[in-house]
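Each residue of the sequence shown is one higher than the one before, counting from 2 in our numbering.
Structure, as structure tokens:
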Amino acid sequence: MLYLDNAATTPVRPEVRDAIWPYLAEWFGNPSSHHTVGEAAASALADARARVAKVVGMRTGDIVFTSGGTEANNLAIKGIAVAAASARGASHVVTTAIEHESILQSVDYLQRVHGFTATLLEVDSAGRLEAAALANALSDRTALAAIGYANNEVGTVQDTASLSAIAKAHRIPLHVDAVQAAGWLPLAGLGADSMAIAGHKIGAPPGTGVLAVRGRIPLEPLLHGGGQERDRRSGTENVAGAVGFALALELAEAERIESVHRVGHLRDEFVTRVLQLVPSARLTGSVEHRLANSASFTFEGTSGEAVLLELERRGVVSSSGSACAAGSDEPSHVLLALGVEPATAQTAVRFTFAHTQHDPLAPVADAVAASVAQLSA
């Protein structure tokens, strides 16, 4: 079975698994405890924090360990917005129509519970946001803007550095969802005020993640209790998870340039072959500005779910889009925002490759062609 759904989750790397085990079996102490086992855990946590900070180009104190990308996005959007409302009366947030549900639902929460207004910026047919659109949406009332670095469904990459410069010029915090970008795009030097990363996308265990948020940004916590993570995220820290996350992130960054070159080349060959073999295939998202491991198509005249079942019968596992919305019968909000017709959006299939992909993907393209042909007969 060939697993091509790495945007949904990835296996835990063997190096990470080995690094985690001592903190589950031997040095399992509570980092707040003042004894040998607790102090060993605290030291490991501090070391993991420093290693993550180095990769993302922020200070050690800026790193908040979370349970994943969803919590990190929630903490950034709700925490920064509520703090800005208290400090300066801010009541407006900006994002785009193609963001992950953890961003869109957090924005919806601010509207329903705290009376915020929201601007959902449109993107072009490739999923790219025009910098001028962000500039025009920002005002003195804006608490923050939240933008995905790379889209989880179609792989489109935003010009985050330019967007950060615009937000900075307006003195508005910019939160970047880098969950899909980690390991494929540089994380340091973006100029973002906060950044979300999920461990299970980079070979760390599920239930691990980070919100990197600059210390000068006021942040109202979601969780209250013992004041861990510098009062930004209470709860006994997951030391083993933090150790595993830090190592996985370091490895992903160390391998990034080579992985992008190798996997991107294989992906391009795969896309070319699918488009040659399947007349109904249409690539979605940006051709030029795309994650190296991502290829998403629509197959007019079929059902995306039916194609997935045929592919699995042929030994290929992929998906129709976001795993977080897999149970929904509604067409993808991302594809609709790109201007894809609802019926066509229901035919979408997404392939996302691992950093370990070395073999040519022509057999997968052939399986796609055979599956679509079978369903179109």
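The beta carbon of each residue, even a glycine, is placed where N, CA and C say it ideally should be.
Since the structure is predicted, the reported quantities are computational estimates derived from the model, not experimental observations.
Which residues does DSSP pair with residue i in a beta bridge?
| i | result |
| --- | --- |
| histidine 93 | Thr118, Thr143 |
| threonine 67 | Gly210 |
| phenylalanine 352 | Ala296 |
| aspartate 6 | Thr353 |
| isoleucine 167 | Isoleucine 167 pairs with nothing; no bridge assigned. |
When we look at the beta-carbon of residue i and count the other beta-carbons within 10 Å, is it buried (16 or more) or exposed?
| i | result |
| --- | --- |
| histidine 266 | exposed |
| glutamate 100 | buried |
| aspartate 330 | exposed |
| methionine 59 | buried |
| asparagine 75 | buried |
| proline 343 | exposed |
| glutamine 277 | exposed |
| proline 206 | buried |
| methionine 2 | exposed |
| glutamine 347 | buried |
| glutamine 112 | exposed |
| serine 377 | exposed |
| asparagine 380 | The question about residue 380 has no answer, for the chain in this structure spans 2 to 378. |
| alanine 255 | exposed |
| valine 72 | Checking the sequence, you will find glutamate at residue 72 rather than valine. Result: buried. |
| alanine 47 | exposed |
| threonine 299 | buried |
Please classify residue i: does DSSP put it in a helix, a strand, or coil?
| i | result |
| --- | --- |
| histidine 201 | helix |
| valine 177 | strand |
| leucine 1 | Residue 1 falls outside the range modelled here, since the chain spans only 2 to 378, and no answer is possible. |
| arginine 291 | strand |
| alanine 193 | coil |
| valine 279 | coil |
| glycine 149 | strand |
| serine 33 | coil |
| threonine 273 | helix |
| threonine 157 | strand |
| valine 318 | strand |
| asparagine 239 | coil |
| alanine 98 | coil |
| glycine 62 | helix |
| isoleucine 218 | coil |
| glutamate 251 | helix |
| glutamine 112 | helix |
| leucine 25 | helix |
| alanine 77 | helix |
| glutamate 311 | helix |
| arginine 172 | coil |
| serine 87 | helix |
| valine 124 | coil |
| alanine 162 | helix |
| serine 304 | coil |
| alanine 182 | coil |
| glycine 1 | Only positions 2 to 378 of the chain appear in the structure, and residue 1 is not among them; the question remains open. |
Considering just the uninterrupted stretch of the alpha helix (DSSP H) at residue i, what are its terminal residues?
| i | result |
| --- | --- |
| alanine 370 | 363-377 |
| aspartate 232 | 229-232 |
| arginine 18 | 15-21 |
| arginine 129 | Run containing arginine 129: none; DSSP gives neither H nor E here. |
| histidine 225 | Run containing histidine 225: none; DSSP gives neither H nor E here. |
| proline 332 | That residue, proline 332, is in no alpha helix (DSSP H); it is neither H nor E in DSSP. |
| threonine 345 | 343-346 |
Straight-line CA distance for residue i to residue j?
| i | j | result |
| --- | --- | --- |
| valine 158 | threonine 37 | 46 Å |
| valine 288 | glycine 39 | 50 Å |
| proline 187 | glutamate 270 | 24 Å |
| leucine 139 | histidine 171 | 7 Å |
| tryptophan 28 | glutamate 154 | 39 Å |
| alanine 127 | valine 180 | 20 Å |
| valine 350 | glycine 90 | 44 Å |
| proline 174 | alanine 355 | 32 Å |
| proline 219 | glycine 190 | 21 Å |
| histidine 201 | valine 65 | 16 Å |
| histidine 115 | alanine 134 | 25 Å |
| arginine 263 | arginine 274 | 17 Å |
| glycine 69 | proline 361 | 32 Å |
| glutamate 123 | alanine 8 | 23 Å |
| aspartate 178 | alanine 162 | 13 Å |
| glycine 184 | isoleucine 203 | 7 Å |
| arginine 142 | alanine 132 | 19 Å |
| alanine 197 | valine 214 | 9 Å |
| lysine 169 | asparagine 152 | 23 Å |
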